[in-house]
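K.L.:
Quick one: structure below, then a few questions.
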Amino acid sequence: MSTAALPYRLVATDLDGTLLTSAENVSDRTREALGAVTALGAQHLIVTGRSAAWTKPVLDEIGYTGIAVCGQGAQVYDAGAHRLLTSVTLDRQLAALALAKIEAEVGPLAVAANRDGLDGEVVAGPGYRLRLATGLPVRQVAPEQLLAAPVSKLYIQHPELTDDQLAEAAWSVAGQLVGVVMAGDSIVELLPLGLTKATGLSLAARRLGVSAAGTIAFGDMPNDIPMFQWAGYGVAMGNAHEQLRAVADEVTVGNDEDGVAVVLDRVFGLGG
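Below, the structure written as structure tokens:
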């Protein structure tokens, strides 16, 4: 099949909750489907909220050597060369002001910061608890150290509010200063204003010579909404947040049921 005859030339997948199972691996069936699709001439692009530092071990494990969009679009990472092609940082003065405004509205927050760079570590203040990918490194620091070095984004948590409630409150009082997104369980993030997964995806697609119309995207959380709005076709996982399901072109089965492979088999006629 020539690339001109392909239904889509680019398959963009989120990582956690989408490409990865709940055991944080890629199933054999999904690997086979992606292998078959790329053998036909399509390209696979990972688009994740994880920073490049947190994405690199996963990509190395699954043998991914292409371009990946990391950090909610802040970083475009060349996995084969192990280098960043682009990196955007969050203005630390705006970040501090946004935190102050949010805390004035809802009370004290637990905060972590993702430092900039390919080896950028995540540093966490008092009370911050990481629930996603518990093997990922986080270093505890004093609150005044959170913004001591350039950061790509902040993570915020509240002791009582749900993720949706916290994201809504943060957006209502600080949305003119920073981007606010809910990216997973206990993962509400503050980003550079205007930055989304679609920002990085459009940059990467341009490098790959692929259009938005030629892209099929898979995701599971509200941070994937801009990616769906950009792509020609958006597929929400069966385990997806209701906000993403509402804007998806299709809802497949869950990430533990090979939801990505199920759609790729059908759309690309893989017969699987």
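For the working numbering, count along the sequence shown from 1 and bump the result up by 16.
For each residue, glycine too, the CB sits at the ideal point set by N, CA and C.
1. By the DSSP assignment, the beta strand (DSSP E) with Leu206 in it spans what residues?
2. Would you report the Cα separation of Gly230 and Ser218, rounded to the nearest angstrom?
3. Can you look up Phe244 in the DSSP assignment and give me helix, strand or coil?
4. Here's the rule I'm using: 16 or more other beta-carbon atoms within 10 Å means buried, otherwise exposed. How should Ser227 be labelled?
5. Is any non-hydrogen atom of the ligand ATP found closer than 7 Å to the C-beta of Gly216, if you look at the structure I gave you?
6. Where in the stretch 104-134 do unbroken runs of the beta strand (DSSP E), each at least 3 residues long, occur, reported from the N-terminal end onward?
7. For Ile118 and Ala49, which I take to be in contact (beta-carbon distance under 8 Å), what is that distance rounded to the nearest angstrom?
8. Just the Cα atoms here: how many angstroms apart are Asp44 and Leu35?
9. When the distance is taken between beta carbons, is Ala186 closer than 8 Å to Ile203?
10. Between the stretch 237-244 and the stretch 118-132, are three or more C-beta pairs nearer than 8 Å?
11. Let me know if Ser188 comes out buried or exposed under the rule of 16 or more other beta-carbons within 10 Å of its beta-carbon.
12. Could you check what DSSP says for Asp32 in three-state terms: helix, strand or coil?
13. Considering only residues of the stretch 30-108, which uninterrupted alpha helix (DSSP H) runs meet the minimum length of 4 residues and lie entirely inside it, listed in chain order?
14. Using C-beta distances below 7 Å, list every residue in its chain close to Gly275, excluding the 5 sequence neighbours before and after it, in chain order.
15. When the Cβ atoms of the stretch 88-98 are set against those of the stretch 203-214, are three or more pairs found closer than 8 Å?
16. Count the C-beta pairs between the stretch 25-32 and the stretch 49-64 that are closer than 8 Å, then say yes if the count reaches three, no if not.
17. Is Lys72 near Asn130, with beta carbons less than 8 Å apart?
P.N.:
Short version:
1. 203-208
2. 12 Å
3. helix
4. Here Ser227 is exposed: its Cβ has fewer than 16 other Cβ atoms, across all protein chains shown, within 10 Å.
5. In the structure shown, the ligand ATP is absent, as is every other ligand, since no ligand is present at all.
6. 126-131
7. Not a contact, Cβ separation roughly 41 Å.
8. Cα to Cα, the separation comes out at about 11 Å.
9. no
10. no
11. exposed
12. helix
13. If we require 4 residues or more, the alpha helix (DSSP H) runs fully inside the stretch 30-108 come out as 44-56, 68-78.
14. Met253, Gly254, Thr268, Val269
15. With contact defined as three or more Cβ pairs closer than 8 Å, the stretch 88-98 and the stretch 203-214 are in contact.
16. Because the criterion of three Cβ pairs below 8 Å is met, the stretch 25-32 and the stretch 49-64 touch.
17. no
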